[in-house]
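Take a look at the structure below.
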Amino acid sequence: MITAVVYSESGGTFKTTTTANLAVALERMGLDVCVIDLDPQEGNLTSLFDVGEHRSDPEADNLVKHILEMPDGDFEDLIETSEEGVDVIPSHDMLGDFTSNLEQKIAYETGMKNMNRDEFPRFELLYDLLWNEQQLQDQYDAVLIDPNARAEDLLYNAIYALRTLVAPVKPAGKGNLSLDGLEEMVANMSDELDIEVGLSCVIPTAIGQTNAHTQYTKQFKNNEMYSTPVAIPARESLMDAMWEARGSAYKVVEERWKTFEQDDEMVSEPGTRRVRDRELETLRDIYELAAFIATETFDTEIDPQLTLEIDDHGERTFTVGDDAEREVTA
Ligand SMILES: Nc1ncnc2c1ncn2[C@@H]1O[C@H](COP(=O)(O)OP(=O)(O)OP(=O)(O)O)[C@@H](O)[C@H]1O
Ligand SMILES: [Mg+2]
1 MITAVVYSES
11 GGTFKTTTTA
21 NLAVALERMG
31 LDVCVIDLDP
41 QEGNLTSLFD
51 VGEHRSDPEA
61 DNLVKHILEM
71 PDGDFEDLIE
81 TSEEGVDVIP
91 SHDMLGDFTS
101 NLEQKIAYET
111 GMKNMNRDEF
121 PRFELLYDLL
131 WNEQQLQDQY
141 DAVLIDPNAR
151 AEDLLYNAIY
161 ALRTLVAPVK
171 PAGKGNLSLD
181 GLEEMVANMS
191 DELDIEVGLS
201 CVIPTAIGQT
211 NAHTQYTKQF
221 KNNEMYSTPV
231 AIPARESLMD
241 AMWEARGSAY
251 KVVEERWKTF
261 EQDDEMVSEP
271 GTRRVRDREL
281 ETLRDIYELA
291 AFIATETFDT
301 EIDPQLTLEI
311 DDHGERTFTV
321 GDDAEREVTA
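Using full-length UniProt numbering, you'd call the opening residue of the sequence shown number 1 and step up by one each time.
Structure representation (structure tokens):
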């Protein structure tokens, strides 16, 4: 089974975009995919996939209530299926107060059992819920988490439960630093949680055509420590349109969503985007990335063929692994 937290230390590293596109790519490979949104902020995976209608209703049952063992309903009722077939456990405002709610639970339970607070397994709650209680391993081939970026209880619960990281990184002047930082981060997580944390791969993302960006990508590609199966180029227009299409980059291209100015207002419509080879290549790269994670990291069988049905433009088909020696290009 594929289990991965999409995370790298710094904020705004395209975690949500990467999680959504990977989830849809895996789904299109014939796998049953569930994504858990642990980020309480606006502009999270829940809004991207247009689910989580009750995310601001404190009365509504939500994942936090289940993690803290105070559910208000069935776990299955939390799960919503997005238009592209990916199951989502949506975010809820209560995720923002997770730690204070957890502290209350710990105070109560350790008090009752006359137990030391430090003995409470505070990072193991999500693991227990997903695998012991709900046995998601019987329902899904892949579970991904888009975490809360802050290094606190929720992130640690996510990593403890899924064990493997996929790390999108963005180019910065301090390219080297983020390489060392990643290694240190994985080591710290392993120490803190007392488990083996794996790093499936690093994905340099939003790579421009400048020298600095090319150098940065080379640095990642040439290092022995991490796999870098693909680098995702700067594709602002494509990725930003995901938020209008309410779905993956596959949906944007297939339904041809485009955002443009009309009478001083920005509008978004399907059926208007031009079909660009470079965007098709990016969809293939994301499929390649998902295939790497599925087969190289987790030894899962997949359908290697990607077929795009583009509105008014017929079908395009790519097969991953066709060009195994393909260079990572910016
Ligand atoms: N390859 C890309 N090229 C250019 N822009 C991109 C690319 N991928 C994503 N973006 C854009 O970057 C912005 C931030 O992406 P995203 O929301 O995925 O980051 P995040 O890591 O989830 O942020 P946060 O830490 O706030 O949760 C979005 O506007 C998104 O459309
Ligand atoms: Mg995000």
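Quick reminder that beta carbons are idealized off the backbone N, C-alpha and C, glycines included.
Coarse secondary structure for residue 232, derived from DSSP in three states:
strand
If we call anything under 8 Å between Cβ atoms a contact, is residue 19 one with residue 88?
no
Residue from 82, 226, 8 and 301 with nearest C-alpha to residue 35
82
Once the 5 residues before and after residue 43 are set aside, which same chain residues still bring their CB inside 8 Å of it?
16 and 243
Would a C-beta distance cut-off of 8 Å place residue 61 and residue 39 closer than the cut-off?
no
Tell me the residue span of the beta strand (DSSP E) that contains residue 198.
198-207
Spatial distance of residue 332 from residue 153 (CA atoms):
Shown here, the chain extends from 1 to 330; a query on residue 332 therefore has no answer.
Reference residue 126; option with closest CA among 27, 286, 1 and 158:
158
Beta carbon of residue 6, beta carbon of residue 168: below 8 Å?
yes
Buried or exposed: where does residue 108 fall if 16 or more other Cβ atoms within 10 Å of its Cβ makes it buried?
exposed
Using a Cβ-based criterion (distance less than 7 Å to any ligand heavy atom), does residue 311 qualify as near ligand 1?
no
8 Å Cβ cutoff met for residue 150 and residue 92:
no
Secondary structure of residue 87, DSSP reduced to three states:
strand
Just reading off the alpha helix (DSSP H) that residue 46 is part of, what are its end residues?
45-48
Starting from residue 248, follow its DSSP beta bridges and name the residues at the other end.
Residue 248 pairs with nothing; no bridge assigned.
Where does the unbroken alpha helix (DSSP H) through residue 275 begin, and where does it stop?
Careful: residue 275 lies outside any alpha helix (DSSP H) and carries neither H nor E.
On a CA-only basis, which of 241, 290 and 291 is nearest residue 271? Give me that one, please.
241
Taking 8 Å as the cut-off, does the segment 215-224 touch the segment 309-321 (at least 3 CB pairs, one atom from each stretch)?
no
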